[in-house]
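Before any comments, here is the structure.
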Amino acid sequence: MSAAHNEKPKKDPENSAAAEVPADPAKAVQTRDKTIIRTSFVGIGANVLLAAFKAVVGIVSHSIAVVLDAVNNLSDALSSVITIIGTKLAGKKPDKKHPLGHGRIEYLTALLVAALVLYAGITSLVESIKKIIEPQTPDYSTVSLIIIAVAVVVKIFLGRYVKRQGEKVNSAALVASGSDATFDAILSFSVLVSALIFIFFHISLEAYVGVIIALFIIRAGFEMMRDTLSDILGRRADVEVTKEIKRIINEEPEVMGAYDLILNNYGPDKNYGSVHLELRDTMTVEELDRLTRRVEESVYRKTGVILTGIGVYAYNTGDDLAAHIRNDVQRIVMTHGWALQMHGFYVDTEAKRMRFDVVLSFDADVHEVLEHLYDELQTEYPGYSITITPDVDVSD
(Lines of atoms letter the chains of each structure in order from A and count residues from 1; the text may use other names and numbers.)
(Lines give C-alpha, C1' and ligand atoms only; values in the text may rest on other atoms or scores of the structure.)
Protein backbone atom coordinates (compact mmCIF):
# COMPACT_ATOMS: atom_id res chain seq x y z
CA MET A 1 0.00 0.00 0.00
CA SER A 2 1.41 3.36 -0.93
CA ALA A 3 2.24 5.71 1.91
CA ALA A 4 -0.35 8.31 2.81
CA HIS A 5 0.59 11.95 2.53
CA ASN A 6 -0.90 14.73 4.63
CA GLU A 7 -1.69 12.16 7.35
CA LYS A 8 -2.47 13.57 10.77
CA PRO A 9 -4.15 12.19 13.89
CA LYS A 10 -7.67 13.24 14.65
CA LYS A 11 -9.30 13.61 18.04
CA ASP A 12 -11.70 10.89 18.98
CA PRO A 13 -15.00 12.66 19.63
CA GLU A 14 -15.63 10.33 22.58
CA ASN A 15 -12.33 11.47 24.10
CA SER A 16 -12.52 15.20 23.53
CA ALA A 17 -15.28 17.65 24.17
CA ALA A 18 -13.63 20.06 21.77
CA ALA A 19 -13.87 17.72 18.78
CA GLU A 20 -15.58 19.55 15.94
CA VAL A 21 -17.84 16.75 14.79
CA PRO A 22 -21.51 16.12 15.41
CA ALA A 23 -22.37 14.03 18.47
CA ASP A 24 -25.00 11.85 16.76
CA PRO A 25 -22.74 8.76 16.30
CA ALA A 26 -21.67 8.94 19.96
CA LYS A 27 -25.33 9.09 21.04
CA ALA A 28 -26.03 6.15 18.76
CA VAL A 29 -23.34 4.14 20.58
CA GLN A 30 -24.95 4.90 23.97
CA THR A 31 -28.39 3.92 22.66
CA ARG A 32 -26.93 0.74 21.19
CA ASP A 33 -25.35 -0.27 24.51
CA LYS A 34 -28.60 0.34 26.42
CA THR A 35 -30.55 -1.75 23.91
CA ILE A 36 -28.07 -4.64 24.14
CA ILE A 37 -28.14 -4.62 27.94
CA ARG A 38 -31.95 -4.35 28.16
CA THR A 39 -32.44 -7.15 25.64
CA SER A 40 -29.87 -9.32 27.41
CA PHE A 41 -31.72 -8.90 30.72
CA VAL A 42 -34.93 -10.05 29.02
CA GLY A 43 -33.04 -13.08 27.72
CA ILE A 44 -31.61 -13.84 31.16
CA GLY A 45 -35.01 -13.74 32.83
CA ALA A 46 -36.70 -15.89 30.21
CA ASN A 47 -33.89 -18.47 30.04
CA VAL A 48 -33.53 -18.83 33.82
CA LEU A 49 -37.26 -19.48 34.22
CA LEU A 50 -37.26 -21.95 31.34
CA ALA A 51 -34.16 -23.70 32.69
CA ALA A 52 -35.74 -24.06 36.15
CA PHE A 53 -39.01 -25.49 34.85
CA LYS A 54 -37.29 -27.85 32.41
CA ALA A 55 -34.81 -29.06 35.02
CA VAL A 56 -37.66 -29.99 37.37
CA VAL A 57 -39.57 -31.69 34.57
CA GLY A 58 -36.47 -33.54 33.37
CA ILE A 59 -35.51 -34.80 36.83
CA VAL A 60 -39.03 -35.86 37.77
CA SER A 61 -39.68 -37.59 34.45
CA HIS A 62 -36.14 -39.06 34.18
CA SER A 63 -35.77 -37.38 30.78
CA ILE A 64 -32.15 -36.68 29.82
CA ALA A 65 -33.30 -34.74 26.75
CA VAL A 66 -35.33 -32.31 28.86
CA VAL A 67 -32.49 -31.91 31.38
CA LEU A 68 -30.01 -31.15 28.58
CA ASP A 69 -32.49 -28.68 27.10
CA ALA A 70 -32.57 -26.99 30.53
CA VAL A 71 -28.75 -26.86 30.57
CA ASN A 72 -28.87 -25.23 27.14
CA ASN A 73 -31.24 -22.56 28.46
CA LEU A 74 -28.95 -21.97 31.43
CA SER A 75 -25.94 -21.55 29.15
CA ASP A 76 -27.98 -19.05 27.09
CA ALA A 77 -28.65 -17.05 30.27
CA LEU A 78 -24.96 -17.12 31.18
CA SER A 79 -24.14 -15.96 27.66
CA SER A 80 -26.45 -12.98 28.17
CA VAL A 81 -24.66 -12.14 31.44
CA ILE A 82 -21.30 -12.21 29.69
CA THR A 83 -22.73 -10.08 26.87
CA ILE A 84 -23.78 -7.44 29.42
CA ILE A 85 -20.35 -7.47 31.10
CA GLY A 86 -18.62 -7.25 27.74
CA THR A 87 -20.81 -4.35 26.61
CA LYS A 88 -20.12 -2.47 29.86
CA LEU A 89 -16.35 -2.99 29.61
CA ALA A 90 -16.28 -2.19 25.89
CA GLY A 91 -18.09 1.08 26.59
CA LYS A 92 -15.31 2.40 28.83
CA LYS A 93 -13.82 5.68 27.66
CA PRO A 94 -10.41 5.66 25.94
CA ASP A 95 -7.41 6.06 28.23
CA LYS A 96 -3.66 6.52 27.85
CA LYS A 97 -3.01 2.78 27.50
CA HIS A 98 -5.94 2.22 25.15
CA PRO A 99 -6.35 5.48 23.18
CA LEU A 100 -8.72 3.90 20.65
CA GLY A 101 -11.12 2.62 23.27
CA HIS A 102 -12.03 -0.82 24.58
CA GLY A 103 -14.54 -1.92 21.94
CA ARG A 104 -12.71 -5.13 21.05
CA ILE A 105 -13.57 -6.51 24.48
CA GLU A 106 -16.92 -7.47 22.95
CA TYR A 107 -15.07 -9.90 20.69
CA LEU A 108 -13.18 -11.42 23.62
CA THR A 109 -16.37 -11.94 25.60
CA ALA A 110 -17.95 -13.48 22.51
CA LEU A 111 -15.08 -15.99 22.46
CA LEU A 112 -15.82 -16.81 26.09
CA VAL A 113 -19.49 -17.34 25.27
CA ALA A 114 -18.52 -19.64 22.40
CA ALA A 115 -16.27 -21.63 24.76
CA LEU A 116 -19.15 -22.03 27.24
CA VAL A 117 -21.48 -23.19 24.48
CA LEU A 118 -18.90 -25.73 23.32
CA TYR A 119 -18.42 -26.98 26.89
CA ALA A 120 -22.19 -27.34 27.36
CA GLY A 121 -22.47 -29.21 24.07
CA ILE A 122 -19.64 -31.62 24.79
CA THR A 123 -20.94 -32.30 28.32
CA SER A 124 -24.43 -32.92 26.95
CA LEU A 125 -23.06 -35.31 24.34
CA VAL A 126 -21.18 -37.35 26.96
CA GLU A 127 -24.25 -37.60 29.21
CA SER A 128 -26.50 -38.59 26.32
CA ILE A 129 -24.14 -41.37 25.25
CA LYS A 130 -24.11 -42.66 28.85
CA LYS A 131 -27.91 -42.81 28.75
CA ILE A 132 -27.81 -44.77 25.51
CA ILE A 133 -25.47 -47.30 27.13
CA GLU A 134 -27.45 -47.41 30.40
CA PRO A 135 -31.02 -46.34 29.47
CA GLN A 136 -33.63 -45.06 31.92
CA THR A 137 -37.37 -45.19 31.32
CA PRO A 138 -38.88 -41.68 31.23
CA ASP A 139 -42.14 -40.87 33.00
CA TYR A 140 -43.98 -37.87 31.57
CA SER A 141 -46.94 -36.14 33.16
CA THR A 142 -49.46 -33.82 31.56
CA VAL A 143 -47.95 -30.87 33.44
CA SER A 144 -44.46 -31.62 32.11
CA LEU A 145 -45.72 -31.77 28.54
CA ILE A 146 -47.52 -28.45 28.96
CA ILE A 147 -44.35 -26.84 30.34
CA ILE A 148 -42.31 -28.08 27.38
CA ALA A 149 -44.96 -26.80 24.94
CA VAL A 150 -45.01 -23.40 26.65
CA ALA A 151 -41.19 -23.33 26.46
CA VAL A 152 -41.37 -23.80 22.70
CA VAL A 153 -43.72 -20.84 22.30
CA VAL A 154 -41.67 -18.62 24.66
CA LYS A 155 -38.45 -19.42 22.81
CA ILE A 156 -40.00 -18.57 19.45
CA PHE A 157 -41.13 -15.14 20.64
CA LEU A 158 -37.86 -14.56 22.54
CA GLY A 159 -35.83 -15.45 19.46
CA ARG A 160 -37.77 -13.07 17.23
CA TYR A 161 -37.49 -10.25 19.77
CA VAL A 162 -33.76 -10.63 20.43
CA LYS A 163 -32.89 -11.01 16.75
CA ARG A 164 -34.96 -7.95 15.82
CA GLN A 165 -33.21 -5.86 18.48
CA GLY A 166 -29.82 -7.14 17.32
CA GLU A 167 -30.51 -6.14 13.72
CA LYS A 168 -31.76 -2.77 14.93
CA VAL A 169 -28.49 -1.90 16.73
CA ASN A 170 -26.13 -3.91 14.49
CA SER A 171 -25.16 -6.33 17.25
CA ALA A 172 -23.91 -9.66 15.93
CA ALA A 173 -24.08 -11.09 19.45
CA LEU A 174 -27.80 -10.34 19.81
CA VAL A 175 -28.59 -11.55 16.29
CA ALA A 176 -26.78 -14.81 17.05
CA SER A 177 -28.61 -15.12 20.38
CA GLY A 178 -31.93 -14.57 18.66
CA SER A 179 -31.19 -17.18 16.03
CA ASP A 180 -30.01 -19.56 18.75
CA ALA A 181 -33.24 -19.04 20.70
CA THR A 182 -35.32 -19.82 17.62
CA PHE A 183 -33.26 -22.92 17.07
CA ASP A 184 -33.73 -23.89 20.73
CA ALA A 185 -37.47 -23.75 20.11
CA ILE A 186 -37.05 -26.33 17.36
CA LEU A 187 -34.96 -28.53 19.63
CA SER A 188 -37.51 -28.24 22.47
CA PHE A 189 -40.20 -29.17 19.99
CA SER A 190 -38.21 -32.30 19.11
CA VAL A 191 -38.09 -33.19 22.82
CA LEU A 192 -41.87 -32.76 22.99
CA VAL A 193 -42.33 -34.99 19.95
CA SER A 194 -40.09 -37.69 21.44
CA ALA A 195 -42.14 -37.55 24.65
CA LEU A 196 -45.40 -38.02 22.71
CA ILE A 197 -43.86 -40.90 20.78
CA PHE A 198 -42.95 -42.60 24.08
CA ILE A 199 -46.43 -42.06 25.54
CA PHE A 200 -48.31 -43.41 22.52
CA PHE A 201 -45.87 -45.97 21.09
CA HIS A 202 -43.64 -46.77 24.13
CA ILE A 203 -40.51 -46.11 22.12
CA SER A 204 -37.87 -44.16 24.07
CA LEU A 205 -35.87 -41.74 21.93
CA GLU A 206 -34.71 -39.56 24.84
CA ALA A 207 -31.01 -40.28 24.76
CA TYR A 208 -30.86 -40.12 20.96
CA VAL A 209 -32.61 -36.76 20.90
CA GLY A 210 -30.11 -35.67 23.57
CA VAL A 211 -27.25 -36.59 21.22
CA ILE A 212 -28.83 -34.56 18.41
CA ILE A 213 -29.30 -31.55 20.72
CA ALA A 214 -25.70 -31.85 21.93
CA LEU A 215 -24.35 -31.98 18.36
CA PHE A 216 -26.32 -28.88 17.40
CA ILE A 217 -25.02 -27.05 20.49
CA ILE A 218 -21.43 -27.99 19.59
CA ARG A 219 -21.95 -26.83 16.02
CA ALA A 220 -23.35 -23.50 17.23
CA GLY A 221 -20.33 -23.05 19.52
CA PHE A 222 -17.87 -23.68 16.69
CA GLU A 223 -19.69 -21.24 14.40
CA MET A 224 -19.68 -18.55 17.10
CA MET A 225 -15.96 -19.06 17.70
CA ARG A 226 -15.19 -18.99 13.98
CA ASP A 227 -17.09 -15.74 13.41
CA THR A 228 -15.55 -14.05 16.44
CA LEU A 229 -12.02 -15.07 15.48
CA SER A 230 -12.71 -13.61 12.05
CA ASP A 231 -13.62 -10.29 13.70
CA ILE A 232 -10.42 -10.35 15.77
CA LEU A 233 -8.22 -11.23 12.79
CA GLY A 234 -9.86 -8.51 10.72
CA ARG A 235 -12.72 -8.99 8.27
CA ARG A 236 -13.01 -7.38 4.88
CA ALA A 237 -14.76 -4.04 5.29
CA ASP A 238 -18.53 -4.17 4.77
CA VAL A 239 -19.23 -3.39 1.13
CA GLU A 240 -22.22 -1.16 1.92
CA VAL A 241 -20.13 0.94 4.31
CA THR A 242 -17.22 1.37 1.89
CA LYS A 243 -19.55 2.27 -0.98
CA GLU A 244 -21.31 4.83 1.21
CA ILE A 245 -18.02 6.42 2.29
CA LYS A 246 -16.78 6.65 -1.30
CA ARG A 247 -20.13 8.06 -2.41
CA ILE A 248 -19.92 10.79 0.24
CA ILE A 249 -16.35 11.64 -0.75
CA ASN A 250 -17.06 11.66 -4.49
CA GLU A 251 -19.90 14.14 -3.97
CA GLU A 252 -17.21 16.77 -3.39
CA PRO A 253 -16.70 18.58 -6.73
CA GLU A 254 -12.90 18.71 -6.31
CA VAL A 255 -12.56 14.94 -5.86
CA MET A 256 -11.85 12.96 -9.02
CA GLY A 257 -11.72 9.59 -7.27
CA ALA A 258 -11.43 7.91 -3.86
CA TYR A 259 -9.09 4.93 -3.49
CA ASP A 260 -7.18 2.75 -0.99
CA LEU A 261 -9.94 2.93 1.61
CA ILE A 262 -8.86 0.97 4.68
CA LEU A 263 -11.09 0.53 7.75
CA ASN A 264 -9.63 -0.59 11.07
CA ASN A 265 -12.19 -1.99 13.45
CA TYR A 266 -11.90 -1.46 17.22
CA GLY A 267 -15.21 -3.00 18.19
CA PRO A 268 -18.75 -3.08 16.76
CA ASP A 269 -19.49 0.23 15.00
CA LYS A 270 -16.08 1.64 16.04
CA ASN A 271 -14.16 2.12 12.81
CA TYR A 272 -11.16 4.26 11.96
CA GLY A 273 -10.09 4.65 8.35
CA SER A 274 -7.74 6.15 5.80
CA VAL A 275 -8.25 6.94 2.15
CA HIS A 276 -6.51 8.48 -0.88
CA LEU A 277 -8.17 11.19 -2.94
CA GLU A 278 -7.34 11.93 -6.57
CA LEU A 279 -7.22 15.72 -6.99
CA ARG A 280 -6.12 18.10 -9.70
CA ASP A 281 -2.45 19.02 -9.56
CA THR A 282 -3.20 22.75 -9.34
CA MET A 283 -4.84 22.70 -5.88
CA THR A 284 -3.23 24.79 -3.15
CA VAL A 285 -2.48 23.49 0.33
CA GLU A 286 -5.18 25.77 1.72
CA GLU A 287 -7.77 24.32 -0.67
CA LEU A 288 -6.62 20.82 0.23
CA ASP A 289 -6.90 21.53 3.95
CA ARG A 290 -10.46 22.81 3.62
CA LEU A 291 -11.45 19.82 1.50
CA THR A 292 -10.01 17.15 3.81
CA ARG A 293 -11.62 18.69 6.89
CA ARG A 294 -14.96 18.82 5.10
CA VAL A 295 -14.63 15.19 4.01
CA GLU A 296 -13.68 14.01 7.50
CA GLU A 297 -16.66 15.75 9.08
CA SER A 298 -19.15 14.55 6.46
CA VAL A 299 -18.00 10.92 6.60
CA TYR A 300 -18.11 10.86 10.40
CA ARG A 301 -21.52 12.50 10.62
CA LYS A 302 -23.12 10.16 8.09
CA THR A 303 -21.37 6.86 8.83
CA GLY A 304 -19.65 7.16 12.23
CA VAL A 305 -16.29 6.28 10.64
CA ILE A 306 -13.37 8.47 11.75
CA LEU A 307 -10.90 9.15 8.93
CA THR A 308 -7.48 9.35 10.61
CA GLY A 309 -5.54 9.95 7.41
CA ILE A 310 -6.26 11.32 3.96
CA GLY A 311 -3.59 10.96 1.29
CA VAL A 312 -3.64 12.54 -2.16
CA TYR A 313 -2.89 11.57 -5.75
CA ALA A 314 -2.15 14.35 -8.21
CA TYR A 315 -4.14 14.32 -11.45
CA ASN A 316 -2.64 15.82 -14.60
CA THR A 317 -4.63 18.81 -15.82
CA GLY A 318 -4.23 20.82 -19.02
CA ASP A 319 -1.98 18.22 -20.69
CA ASP A 320 -3.49 16.28 -23.60
CA LEU A 321 -0.42 14.06 -23.97
CA ALA A 322 -0.61 13.06 -20.30
CA ALA A 323 -4.29 12.14 -20.72
CA HIS A 324 -3.45 10.02 -23.77
CA ILE A 325 -0.65 8.20 -21.91
CA ARG A 326 -2.93 7.60 -18.92
CA ASN A 327 -5.61 5.97 -21.06
CA ASP A 328 -3.04 3.85 -22.87
CA VAL A 329 -1.37 2.66 -19.66
CA GLN A 330 -4.76 1.84 -18.13
CA ARG A 331 -5.65 -0.21 -21.20
CA ILE A 332 -2.43 -2.20 -20.90
CA VAL A 333 -2.82 -2.77 -17.14
CA MET A 334 -6.46 -3.81 -17.22
CA THR A 335 -5.93 -6.45 -19.92
CA HIS A 336 -4.57 -8.67 -17.13
CA GLY A 337 -7.01 -10.61 -14.98
CA TRP A 338 -4.93 -10.08 -11.83
CA ALA A 339 -5.22 -6.29 -12.16
CA LEU A 340 -8.42 -5.19 -10.40
CA GLN A 341 -7.95 -1.43 -10.60
CA MET A 342 -5.46 1.27 -11.60
CA HIS A 343 -5.38 4.67 -9.91
CA GLY A 344 -3.07 7.43 -8.71
CA PHE A 345 -1.63 7.88 -12.20
CA TYR A 346 0.65 10.84 -12.82
CA VAL A 347 3.11 11.45 -15.61
CA ASP A 348 5.75 14.16 -16.14
CA THR A 349 6.17 14.12 -19.91
CA GLU A 350 9.15 16.47 -19.82
CA ALA A 351 11.13 14.55 -17.21
CA LYS A 352 9.76 11.26 -18.62
CA ARG A 353 8.56 9.91 -15.27
CA MET A 354 5.30 8.12 -14.57
CA ARG A 355 3.84 6.55 -11.47
CA PHE A 356 0.62 4.77 -10.54
CA ASP A 357 -0.90 2.19 -8.20
CA VAL A 358 -2.44 -1.10 -9.26
CA VAL A 359 -4.76 -3.20 -7.09
CA LEU A 360 -3.80 -6.88 -7.40
CA SER A 361 -5.92 -9.94 -6.77
CA PHE A 362 -4.90 -12.12 -3.82
CA ASP A 363 -3.87 -15.03 -6.05
CA ALA A 364 -1.31 -12.95 -7.98
CA ASP A 365 2.44 -13.37 -7.48
CA VAL A 366 3.29 -9.72 -6.76
CA HIS A 367 6.93 -9.84 -7.85
CA GLU A 368 6.18 -11.78 -11.04
CA VAL A 369 3.22 -9.70 -12.25
CA LEU A 370 4.89 -6.38 -11.50
CA GLU A 371 8.02 -7.41 -13.38
CA HIS A 372 5.88 -8.48 -16.35
CA LEU A 373 3.89 -5.24 -16.30
CA TYR A 374 7.04 -3.14 -15.98
CA ASP A 375 8.57 -4.83 -19.03
CA GLU A 376 5.39 -4.24 -21.04
CA LEU A 377 5.30 -0.55 -20.25
CA GLN A 378 9.03 -0.10 -20.74
CA THR A 379 8.59 -1.46 -24.25
CA GLU A 380 5.75 0.97 -24.96
CA TYR A 381 7.48 3.93 -23.31
CA PRO A 382 11.25 3.50 -23.61
CA GLY A 383 13.27 6.04 -21.68
CA TYR A 384 10.54 6.58 -19.07
CA SER A 385 11.19 6.05 -15.38
CA ILE A 386 8.22 3.96 -14.23
CA THR A 387 7.13 3.47 -10.61
CA ILE A 388 4.40 0.89 -9.98
CA THR A 389 3.01 0.54 -6.44
CA PRO A 390 1.09 -2.68 -5.71
CA ASP A 391 -2.06 -2.28 -3.61
CA VAL A 392 -3.94 -4.97 -1.67
CA ASP A 393 -7.60 -5.59 -2.47
CA VAL A 394 -8.72 -4.62 1.04
CA SER A 395 -12.10 -3.06 0.26
CA ASP A 396 -14.65 -2.79 -2.51
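Just so you know, we're using this note's numbering here: the sequence shown kicks off at 4 and counts up by one.
Every residue gets a Cβ at the ideal spot worked out from N, C-alpha and C, and that includes glycine.
It should be emphasised that the depicted structure is a prediction, and the values quoted were computed from it without experimental measurement.
Spatial distance of residue i from residue j (CA atoms)
i: residue 389; j: residue 351; result: 11 angstroms
i: residue 326; j: residue 373; result: 23 angstroms
i: residue 224; j: residue 396; result: 31 angstroms
i: residue 269; j: residue 311; result: 13 angstroms
i: residue 338; j: residue 282; result: 26 angstroms
i: residue 258; j: residue 301; result: 14 angstroms
i: residue 323; j: residue 330; result: 11 angstroms
i: residue 59; j: residue 73; result: 9 angstroms
i: residue 122; j: residue 242; result: 35 angstroms
i: residue 187; j: residue 199; result: 18 angstroms
i: residue 63; j: residue 149; result: 14 angstroms
i: residue 92; j: residue 41; result: 16 angstroms
i: residue 10; j: residue 179; result: At residue 10, the pLDDT of 39 sits below 50, so the modelled position is not reliable and the matter cannot be decided from this model.
i: residue 375; j: residue 114; result: 45 angstroms
i: residue 364; j: residue 279; result: 19 angstroms
i: residue 153; j: residue 196; result: 14 angstroms
i: residue 287; j: residue 38; result: 47 angstroms
i: residue 192; j: residue 209; result: 13 angstroms
Three-state class that DSSP yields for residue i in the structure shown
i: residue 313; result: strand
i: residue 260; result: strand
i: residue 339; result: coil
i: residue 370; result: helix
i: residue 394; result: strand
i: residue 276; result: strand
i: residue 109; result: helix
i: residue 359; result: strand
i: residue 137; result: coil
i: residue 365; result: coil
i: residue 347; result: strand
Sequence-distant residues of its chain with Cβ nearer than 6 angstroms to residue i (five each side left out)
i: residue 162; result: 181, 184 and 185
i: residue 36; result: 90 and 94
i: residue 267; result: 275
i: residue 298; result: 252
i: residue 235; result: 110
i: residue 116; result: 82 and 85
i: residue 398; result: 240, 245 and 264
i: residue 342; result: 336 and 361
Buried versus exposed call for residue i [16 or more other C-beta atoms within 10 Å across all chains shown]
i: residue 346; result: buried
i: residue 385; result: exposed
i: residue 314; result: buried
i: residue 320; result: exposed
i: residue 237; result: exposed
i: residue 394; result: buried
i: residue 205; result: exposed
i: residue 118; result: exposed
i: residue 348; result: buried
i: residue 232; result: exposed
Cβ neighbours of residue i in the same chain (closer than 7 angstroms, five flanking residues each side left out)
i: residue 49; result: 157 and 161
i: residue 294; result: 255 and 257
i: residue 33; result: none
Own chain partners of residue i with C-beta closer than 8 angstroms, once the 5 adjacent residues on each side are dropped
i: residue 44; result: 83 and 87
i: residue 127; result: 71, 74, 75, 213, 216, 217 and 220
(message) I'd like to know if the region 167-176 and the region 47-65 are in contact, where contact means that at least 3 CB-CB pairs between them fall below 8 angstroms.
(response) no
(message) Does the structure place the region 202-222 close enough to the region 93-107 that three or more beta carbon pairs sit under 8 angstroms?
(response) Contact fails: fewer than three Cβ-Cβ distances are below 8 angstroms.
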